[in-house]
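Add 80 to a position in the sequence shown, counting from 1, and you land on the number used in my numbering. The beta carbon of each residue, even a glycine, is placed where N, CA and C say it ideally should be.
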Amino acid sequence: MLHAAHASRFHWGEVGAPVNLARGEWQVSRVYATLGRAEPALHHARRCLELCEASEVEEWDLPYAYEAIARAEGVAGKRTEAERYERLAREAAERVTDADDREHLLGDLATLPSVLRSI
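Here it is in structure tokens:
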């Protein structure tokens, strides 16, 4: 799973737009978080956020960047930071106009409490 995520990010880096790079960074961060590896999860989540802030992305990309940081901070055991970024993600999710995109995002955000409970 980890190698596939890195390979995907590499290939998008060769042919993709900044939005594809941001999504690739999100994907790599999510895999590291799933594996319990907080430091690389946070690195890739922050990179995702940087790309989202510097580029034109879809309205749901920014809340997903916040979600990635919240998840990585949760894995790192940093409850305050995790809750801060979860709050930012939820606030940004309110601005997602497409109902399906918002529902998918909220579904992923709903899994964050399980990360925070383990802290």
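- Spanning the alpha carbons of Ala-148 and Gly-104 requires a straight line of approximately 12 Å.
- Secondary structure at Ser-135: coil, using DSSP grouped into helix, strand and coil.
- DSSP, read as helix, strand or coil, puts Arg-170 in helix.
- Collapsing the DSSP output to three states places Leu-82 in a helix.
- Rounded to whole angstroms, the Cβ separation of Ala-162 and Ala-102 is 20 Å, and the two are not in contact under 8 Å.
- Counting along the chain, the unbroken alpha helix (DSSP H) around Arg-182 starts and ends at 179 to 189.
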